[in-house]
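As structure tokens, the structure follows; a few thoughts come after it.
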Amino acid sequence: MSGPSRRTLARALEALADFADPSPALEQYLTPPEIAAHIAHQARMQGDLEGWTVDLGTGTGMLAIAASLAGAESVVGIDVDPEALALARTNAARIDEAGSDGPLEWVRGDAVEPPLSPPVDGDVTVLSNPPFGAQRGNRHADREFLETARSIASVSYTIHNEGSQAFVESYAADAGADVTHAFRAEFPIANRFEFHTEAETTLEAEVFRIEW
Ligand SMILES: C[S@@+](CC[C@H](N)C(=O)[O-])C[C@H]1O[C@@H](n2cnc3c(N)ncnc32)[C@H](O)[C@@H]1O
């Protein structure tokens, strides 16, 4: 199966603009290009980009655009924040100089109650870097995004904070699903939120591929 290398994807994704005025409440921070490229590359290698690909909480559009560049057939990016969607659109145009947005669509909506139903025919792959709930004292806010993945997807790739493996595996097992891949990823996060005290904070994250 051919397509851009992971490195080529990552280089292209470095051109995407970050949130200009990120909302702490919505946990808006960029998924690092390297991680987005890794996920999209894995998804392509697994044949997971052949149906619909849905990026829940698309933000800057990073994961949706990564999937599109990796050759996804149809991609939908969903976010509650209209400004994030405007940024995602601009980012998509930045990548696709013809401005066609390729297979990308942007939808405003709540990922917890997604404004779409699975296509009758065809598989859905969810890619998501959900809010972790870390700033709201709401540990496992990512559970709601997993719930959406469970309800609409046959496969999902989700990013969680460090120490989530037991939670994700038990959630998947309860749903009769399998965690087929797990890997760690480092998130350098710029210090733009008041609660951060260092110039840059590195968040350890974990990525899981689940077959639902
Ligand atoms: C960690 S950021 C994801 C960043 C994105 N992958 C990127 O690289 O730009 C979480 C995103 O989820 C969005 N979000 C938070 N709660 C949401 C909800 N209930 N429904 C849809 N989007 C939501 C935020 O606006 C934010 O863009």
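Under my numbering, the first residue of the sequence shown is numbered 6, with each subsequent residue one higher.
Ideal placement from N, C-alpha and C gives every residue a C-beta, glycine not left out.
Given Val125, which residues of its chain have a CB within under 8 Å of its CB, disregarding the five upstream and five downstream residues? Counting from one through the sequence shown, the residue named residue 125 turns up at place 120. Note that Val125 scores a pLDDT of 45, beneath 50, so its modelled location is shaky; the value from the coordinates is reported in the next line. Cβ neighbours of Val125 beyond the five flanking positions: none.
If I follow the unbroken beta strand (DSSP E) through Glu110, where does it start and stop? As a position in the sequence shown, residue 110 is number 105, starting the count at 1. Annotation for Glu110: the continuous beta strand (DSSP E) segment containing it runs Leu109 to Arg113.
To the nearest angstrom, how far is the alpha carbon of Ser133 from that of Gln47? Position 128 of the sequence shown holds residue 133. Position 42 of the sequence shown holds residue 47. Their backbone Cα atoms lie some 14 Å apart in a straight line.
Same chain, Cβ closer than 6 Å to Ala41, neighbours up to 5 away in sequence not counted: As a position in the sequence shown, residue 41 is number 36, starting the count at 1. Same-chain partners within the cutoff: Leu18, Met67, Leu68 and Ala71.
To the nearest angstrom, how far is it from the Cα of Val81 to the Cα of Thr206? Indexing the sequence shown from 1 puts residue 81 at position 76. Indexing the sequence shown from 1 puts residue 206 at position 201. Using only the alpha carbons, I get a separation of about 30 Å.
Option nearest Asp115 by Cα separation, candidates Ile164, Ala75, Trp217 and Gly64: What you label residue 115 is simply residue 110 of the sequence shown in a count that begins at 1. Comparing C-alpha distances from Asp115 to each of Ile164, Ala75, Trp217 and Gly64 shows the shortest one belongs to Gly64.
Look at the alpha carbon of Glu110 and the alpha carbon of Ala91, and state the distance between them as a whole number of angstroms. On the sequence shown, position 105 is the one that residue 110 refers to. On the sequence shown, position 86 is the one that residue 91 refers to. Distance from the CA atom of Glu110 to the CA atom of Ala91, rounded to whole angstroms, is 12 Å.
According to the Cβ coordinates, are Ala171 and Ser161 closer than 8 Å? Here residue 171 refers to the residue found at position 166 of the sequence shown. Here residue 161 refers to the residue found at position 156 of the sequence shown. No, the Cβ-Cβ distance between Ala171 and Ser161 is not below 8 Å.
Beta strand (DSSP E) containing Tyr162: first to last residue? Translated into the one-based positions of the sequence shown, residue 162 becomes position 157. Unbroken beta strand (DSSP E) run through Tyr162: Val160 to Asn166.
With a threshold of 6 Å on Cβ separation, who are the neighbours of Ala177 within its own chain once the five nearest residues in sequence on each side are excluded? Within the sequence shown, numbered from 1, the residue matching residue 177 stands at position 172. Val184 and Ile215.
Is it the case that the CB of Glu218 approaches a heavy atom of ligand 1 more closely than 7 Å? The structure shown does not extend to residue 218, since the chain spans only 6 to 217, so no value can be given for it.
Quick one: grab the DSSP three-state call for Leu61. In the sequence shown, residue 61 corresponds to position 56, counting from 1. For Leu61, the secondary structure class from DSSP, reduced to helix, strand or coil, is strand.
Using alpha carbons as the reference points, say which of Arg113, Ala190, Ala182 and Glu55 lies closest to Ile164. By 1-based counting over the sequence shown, the position of residue 164 is 159. Ranking Arg113, Ala190, Ala182 and Glu55 by Cα distance to Ile164 puts Ala190 first.
Would you list the one or two residues that DSSP bridges to Gly82? Taking the first residue of the sequence shown as 1, we reach residue 82 at position 77. Listed as beta-bridge partners of Gly82 by DSSP are Asp60 and Trp111.
Per the DSSP calculation, Pro193 is bridged to which residue(s)? Along the sequence shown, one-based indexing puts residue 193 at 188. Beta-bridge pairing links Pro193 to Thr207.
For ligand 1, is there any heavy atom lying closer than 7 Å to the beta carbon of Ala116? Here residue 116 is taken as the residue at index 111 of the sequence shown, counted from 1. Checking every heavy atom of ligand 1 against the Cβ of Ala116, one is found closer than 7 Å.
CA-to-CA distance, Phe188 to Phe213, given in whole angstroms: Numbered from its first residue, the sequence shown carries residue 213 at position 208. Numbered from its first residue, the sequence shown carries residue 188 at position 183. For Phe213 and Phe188, the distance between alpha carbons rounds to 7 Å.
Opposite Leu132 in the DSSP bridges: which residues? Here the question's residue 132 lines up with position 127 in the sequence shown. Leu132 is bridged to Asp60 and Tyr162.
CA-CA distance, Glu167 and Pro108? The sequence position of residue 167 within the sequence shown is 162, counting from 1. The sequence position of residue 108 within the sequence shown is 103, counting from 1. About 33 Å.
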